[in-house]
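So the protein sequences, as listed, match chains A and B.
With this note's numbering, letter number 13 in the first sequence gets 13, and the count goes up by one each step, no holes.
Plus 112 on top of the position in the second sequence (first one is 1) and you've got this note's numbering.
For reference, the structure discussed in these notes is given below.
Number of protein chains: 2
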Amino acid sequence: MTSSQQPAFRALADPTRREILQRLTHRNMTIGEVADGFEMTRAAVKKHLTVLSDGGLITMTPKGREVVTQVDPLGFAPIRDWLSFFEHFWDSRLDSLKTAIEQENNHDANDQ
Amino acid sequence: MTSSQQPAFRALADPTRREILQRLTHRNMTIGEVADGFEMTRAAVKKHLTVLSDGGLITMTPKGREVVTQVDPLGFAPIRDWLSFFEHFWDSRLDSLKTAIEQENNHDANDQ
DNA sequence: TTGACACGATACCAAAAGGTTTCATATTAA
DNA sequence: TTAATATGAAACCTTTTGGTATCGTGTCAA
Chain A
1 MTSSQQPAFR
11 ALADPTRREI
21 LQRLTHRNMT
31 IGEVADGFEM
41 TRAAVKKHLT
51 VLSDGGLITM
61 TPKGREVVTQ
71 VDPLGFAPIR
81 DWLSFFEHFW
91 DSRLDSLKTA
101 IEQENNHDAN
111 DQ
Chain B
113 MTSSQQPAFR
123 ALADPTRREI
133 LQRLTHRNMT
143 IGEVADGFEM
153 TRAAVKKHLT
163 VLSDGGLITM
173 TPKGREVVTQ
183 VDPLGFAPIR
193 DWLSFFEHFW
203 DSRLDSLKTA
213 IEQENNHDAN
223 DQ
């Protein structure tokens with residue numbers, strides 16, 4: 001399962017884009033509204049929004065002459081899935097450690 | 113809380129580095145062993161390992177003339193923390209939706 | 001002691017990324 | 001209809017990034 005999480009991970013790598021995502025959780029915004037919140041050109045912000053959209057993390061919906069951007073929860077699934085691999089890894093390592101300690105304790109008890 | 117997750121997110125943005133992390137969950141490896149698994153120079157792989165180390169996702173421990181690299185679970189905390197913000201966001205949105213639907217149902221029931 | 005080995009570090013290169021400026025186009029409001 | 005508004009898109013620039021090649025250094029083994 002070599003799902004293409006690359007665009008999503010790529011999108012999260014930039015602090016401005018992560019900030020945009022957080023702000024969009026408060027309310028949906030037009031491209032202009034998003035741009036007003038940053039000290040950079042509207043064109044630059046729009047590029048970031050395109051990257052976020054390519055990563056599936058936001059949707060951009062034309063509404064008249066404006067474009068409404070909103071966070072897309074589904075886009076985070078690839079990220080979560082990839083990370084869950086490691087969560088399972090930690091869990092099993094912890095289980096092994098736990099088992100080892102318990103066995104060690106039993107061993108000590110038998111020694112006494 | 114503007115914790116510095118930037119190095120960690122940066123480290124995850126490259127597919128080679130994510131692959132390295134996955135391979136290191138199977139077993140710890142020296143720099144040379146990691147490099148042998150990729151069709152690029154040892155120097156290139158070492159750069160990736162440095163980025164991963166800067167992101168706190170791996171530790172590099174000198175052992176004689178070798179350097180053992182291993183995944184560091186603690187380094188994933190900033191990532192998980194940042195994502196949990198959105199998980200909460202989804203949860204509350206789902207709750208709101210659920211509540212809204214329930215109220216709507218009650219409303220309909222009253223109308224009938 | 002002397003190679004062979006594993007790594008560090010530097011210089012260098014091409015491509016990608018982040019940003020600006022400029023101009024074009026479609027909508028809306030007056 | 002016309003002017004202001006919101007966005008699209010292209011050209012251009014600088015910095016990062018991912019990669020190579022090269023040389024230096026510490027460590028181990030014969």
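Ideal Cβ placement from N, Cα and C applies to all residues, glycine included.
Just so you know, these numbers come straight off a predicted model, no measurement behind them.
Rounded distance between the beta-carbons of residue j and residue i, thought under 8 Å
i      : j      : result
B:V163 : B:R192 : The pair is not a contact, with the Cβ atoms about 19 Å apart (cut-off 8 Å).
B:N217 : B:V180 : Not really, about 60 Å apart at Cβ, beyond 8 Å.
A:F86  : B:F188 : 6 Å
B:P127 : A:Q6   : 6 Å
Three-way DSSP call (helix, strand, coil) for residue i in this model
i      : result
A:Q70  : strand
B:T128 : helix
A:T59  : strand
B:T137 : helix
B:T153 : coil
Short CB-CB distance (under 8 Å) between residue i and chain A
i      : result
B:F121 : yes
B:T246 : The structure shown does not extend to residue 246 of chain B, since chain B is modelled only from 113 to 224, so the question has no answer here.
B:F201 : yes
Any C-beta of chain B under 8 Å from that of residue i
i     : result
A:A77 : no
A:F85 : yes
Proximity of residue i and residue j at Cβ, strictly below 8 Å
i      : j      : result
B:L169 : A:F9   : no
A:M60  : A:L74  : no
B:Q182 : B:L136 : yes
Contacts around residue i, its chain only, beta-carbon distance under 6 Å, and the 5 residues preceding and following it disregarded
i      : result
A:Q112 : Confidence at A:Q112 is low in this model, with a pLDDT of 36, below 50, so its placement is unreliable and no value can be given for it.
A:A35  : R42, V45
B:G167 : P119, A120, A123
Same chain, Cβ closer than 8 Å to residue i, neighbours up to 5 away in sequence not counted
i      : result
B:T211 : none
B:E145 : none
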